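Chemist:
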Amino acid sequence: MTEKTDSAGTLAGFAVAAATLLTIGFNWLAAAGMVGGVTPAEISAKYPTAVTPAGYAFSIWSLIYLGMIAYSVYQLSSNASPQARSIRWLYVVTCLLNCGWIYFWHHDYIAVCLGLIAGLAFTLFLINQKLKDVSTTRDFWLTKAPFGLYFGWVTAATLVNFAILLASRNVETGTLFAVGLILVAGTFGILFRVTLRNYIYPLAIAWAVTAISVKQSGQTAIVATGAFVVIVCLIATLSFVVNLPSTDHPRDEAK
Numbered sequence: 010m011t012e013k014t015d016s017a018g019t020l021a022g023f024a025v026a027a028a029t030l031l032t033i034g035f036n037w038l039a040a041a042g043m044v045g046g047v048t049p050a051e052i053s054a055k056y057p058t059a060v061t062p063a064g065y066a067f068s069i070w071s072l073i074y075l076g077m078i079a080y081s082v083y084q085l086s087s088n089a090s091p092q093a094r095s096i097r098w099l100y101v102v103t104c105l106l107n108c109g110w111i112y113f114w115h116h117d118y119i120a121v122c123l124g125l126i127a128g129l130a131f132t133l134f135l136i137n138q139k140l141k142d143v144s145t146t147r148d149f150w151l152t153k154a155p156f157g158l159y160f161g162w163v164t165a166a167t168l169v170n171f172a173i174l175l176a177s178r179n180v181e182t183g184t185l186f187a188v189g190l191i192l193v194a195g196t197f198g199i200l201f202r203v204t205l206r207n208y209i210y211p212l213a214i215a216w217a218v219t220a221i222s223v224k225q226s227g228q229t230a231i232v233a234t235g236a237f238v239v240i241v242c243l244i245a246t247l248s249f250v251v252n253l254p255s256t257d258h259p260r261d262e263a264k
């Protein structure tokens, strides 16, 4: 029984590493225009919306990829925690959904993409649910923080993908619609900060909303709403200080 368990664990560990390499490699090919002969930005430009973020926002993927690599290495080590090991197959699913989204995005299947990115967001939620009670600083930085960042960004991206789907169907959406989506993003930022005890999640929401406000700088209502949501999310992020350990009442700083 132990040998079978060890073999299953080894298989899962290497599946995670392979999935990471596949995802990063496929995304690199996509960015180079080698998937469908277009880049992600070219597809996005076909369907302008009032919640499309400024281009610099996508640099967050560098941190997400770094987190994926860090987790992939950590979960292979003998020091990996049970929580880190418990999310292995869920992580592999996120990689498959990520690659699937890229493929269908580059072939202009916007509705399929919305389904895939919503599935990715849900799978990341399940991962973060499993990680909400991590007990060490190491696990926080190698699992909870990177997956919180990833989940926050994908949450915002799902809302943008929804707006793009409407644009692709020639559905008129204006400033009020954009304001509504930004408020929804902010609500998610607070909700998952509290329920998942992850203060990195709202930071990703704040990053996305800031980029939307920059892109839509001529729209006063969008900028004002964005500023409000960013401030609220930053406060939610900084609220981690109430969980810092003290000499009188030690607490888990990873919460």
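Those letters in the sequence shown? Residues 10 to 264, by our numbering. By construction, the Cβ of each residue, glycine as well, lies at the ideal position given by its N, Cα and C atoms. This structure is a prediction, so every number in the text was calculated from the model and none was measured.
Who does VAL47 pair with in a DSSP beta bridge?
Modeler: Taking the first residue of the sequence shown as 1, we reach residue 47 at position 38. Paired residue(s): VAL44.
Chemist: Rounded to whole angstroms, what is the Cα-Cα separation between TYR65 and ILE136?
Modeler: For the purposes of this step, residue 65 is identified with residue 56 of the sequence shown, where counting begins at 1. For the purposes of this step, residue 136 is identified with residue 127 of the sequence shown, where counting begins at 1. Looking at the two C-alpha atoms, the distance is approximately 27 angstroms.
Chemist: For the alpha helix (DSSP H) holding LEU85, just list the boundary residues, first then last.
Modeler: Reading the sequence shown from its first residue, position 76 is the one you call residue 85. Residues 69-85.
Chemist: Nearest-angstrom Cα distance between GLN225 and ALA59?
Modeler: Counting from 1 along the sequence shown, the entry for residue 225 is found at position 216. Counting from 1 along the sequence shown, the entry for residue 59 is found at position 50. If I take the Cα positions, the gap works out to 7 angstroms.
Chemist: So ALA187 packs on ILE231, CB below 8 angstroms; how close in whole Å?
Modeler: Within the sequence shown, numbered from 1, the residue matching residue 187 stands at position 178. Within the sequence shown, numbered from 1, the residue matching residue 231 stands at position 222. About 5 angstroms; that satisfies the 8 angstroms criterion.
Chemist: Taking all protein chains shown into account, decide if GLY195 is buried (16 or more other Cβ within 10 angstroms of its Cβ) or exposed.
Modeler: Position 186 of the sequence shown holds residue 195. The residue is buried, with at least 16 neighbouring Cβ atoms inside 10 Å.
Chemist: What separation, rounded to the nearest whole angstrom, lies between the Cα atoms of PHE131 and THR48?
Modeler: Stepping through the sequence shown from its first residue, residue 131 is reached at position 122. Stepping through the sequence shown from its first residue, residue 48 is reached at position 39. Going by the C-alpha atoms only, they are around 26 angstroms apart.
Chemist: Which runs of the beta strand (DSSP E), 3 residues or longer, sit entirely within the region 126-182?
Modeler: Segments of the beta strand (DSSP E) lying fully in the region 126-182: there are none.
Chemist: State buried or exposed for SER16, treating a residue as buried only when at least 16 other CB atoms are found within 10 Å of its CB.
Modeler: The residue given as residue 16 occupies position 7 in the sequence shown. Looking at its Cβ environment, which holds fewer than 16 other Cβ atoms inside 10 Å, SER16 is exposed.
Chemist: If you reduce the DSSP assignment to three classes, tell me which class ASP261 lands in.
Modeler: Numbered from 1 along the sequence shown, position 252 holds the residue referred to as residue 261. Caution is warranted here: a pLDDT of 48 is assigned to ASP261, below 50, making its placement in the model unreliable, and no coordinate value can be reported.
Chemist: Could you tell me which of LEU247, TYR83, LEU212 sits nearest to ASP148, measuring between CA atoms?
Modeler: Taking the sequence shown and counting its residues from 1, one reaches residue 148 at position 139. The candidate whose alpha carbon is nearest that of ASP148 is TYR83.
Chemist: How is THR184 classed by DSSP in three states: helix, strand or coil?
Modeler: The count along the sequence shown starts at 1 and reaches residue 184 at position 175. THR184 falls in the helix class under three-state DSSP.
Chemist: Between which residues of its own chain and LEU212 is the CB-CB distance below 6 angstroms, once the five residues before and five after are set aside?
Modeler: Position 203 of the sequence shown holds residue 212. So the qualifying residues of the chain are THR246.
Chemist: Out of ASN36, ALA93, ILE221, PRO57, point me to the one whose CA is closest to TYR74's CA.
Modeler: Position 65 of the sequence shown, counted from the start, is the residue given in the question as residue 74. Nearest of ASN36, ALA93, ILE221, PRO57 to TYR74, Cα basis: ASN36.
Chemist: Comparing C-alpha positions only, which one of LEU133, ALA120, GLY42, GLY34 sits nearest to PHE171?
Modeler: As a position in the sequence shown, residue 171 is number 162, starting the count at 1. Considering only alpha carbons, the answer is ALA120.
Chemist: Between the C-alpha atoms of GLN228 and ALA54, what's the straight-line distance to the nearest angstrom?
Modeler: Start at 1 with the first residue of the sequence shown, and residue 228 comes out as number 219. Start at 1 with the first residue of the sequence shown, and residue 54 comes out as number 45. Cα-Cα distance, rounded: 19 angstroms.
Chemist: Taking a contact to mean a Cβ-Cβ separation below 8 angstroms, would you say PRO62 touches ILE221 in this structure?
Modeler: Numbered from 1 along the sequence shown, position 53 holds the residue referred to as residue 62. Numbered from 1 along the sequence shown, position 212 holds the residue referred to as residue 221. Yes; because the gap between Cβ atoms is below 8 angstroms, this pair is in contact.
Chemist: Quick test of your reading: ALA21 and TRP98, contact by CB under 8 angstroms. State the CB separation rounded to the nearest angstrom.
Modeler: One-based indexing of the sequence shown puts residue 21 at position 12. One-based indexing of the sequence shown puts residue 98 at position 89. That pair is a contact at about 6 angstroms.
Chemist: Please state if the CB of ALA154 and the CB of ILE96 are separated by a distance shorter than 8 angstroms.
Modeler: By 1-based counting over the sequence shown, the position of residue 96 is 87. By 1-based counting over the sequence shown, the position of residue 154 is 145. Cβ atoms of ILE96 and ALA154: not closer than 8 angstroms.
Chemist: Classify SER226 as helix, strand or coil using the three-state DSSP reduction.
Modeler: Reading the sequence shown from its first residue, position 217 is the one you call residue 226. If DSSP states are grouped into helix, strand and coil, SER226 belongs with coil.
Chemist: Rounded to the nearest angstrom, what separates PHE23 and THR152 at their Cα positions?
Modeler: Position 14 of the sequence shown, counted from the first residue, corresponds to residue 23. Position 143 of the sequence shown, counted from the first residue, corresponds to residue 152. Answer to the nearest angstrom: the Cα atoms are 17 angstroms apart.
Chemist: Does the Cβ of VAL238 have 16 or more other Cβ atoms within 10 Å, making it buried, or fewer, making it exposed?
Modeler: Counted from its first residue, the sequence shown places residue 238 at position 229. Buried.
Chemist: Can you grab the Cα-Cα spacing for the pair ILE52 / TYR118, in whole Å?
Modeler: On the sequence shown, residue 52 is found 43 positions in, with the first residue counted as 1. On the sequence shown, residue 118 is found 109 positions in, with the first residue counted as 1. Approximately 10 angstroms between the Cα atoms of the pair.
Chemist: According to DSSP, is THR58 helix, strand or coil?
Modeler: Numbered from 1 along the sequence shown, position 49 holds the residue referred to as residue 58. Looking at THR58 - three-state DSSP - the assignment turns out to be coil, as it is neither helix nor strand.
Chemist: Taking the alpha helix (DSSP H) that HIS115 belongs to, which residues open and close that run?
Modeler: Numbered from its first residue, the sequence shown carries residue 115 at position 106. First-last of the alpha helix (DSSP H) with HIS115: 97-115.
Chemist: Classify ILE209 as helix, strand or coil using the three-state DSSP reduction.
Modeler: On the sequence shown, position 200 is the one that residue 209 refers to. Correct three-state label for ILE209: coil.
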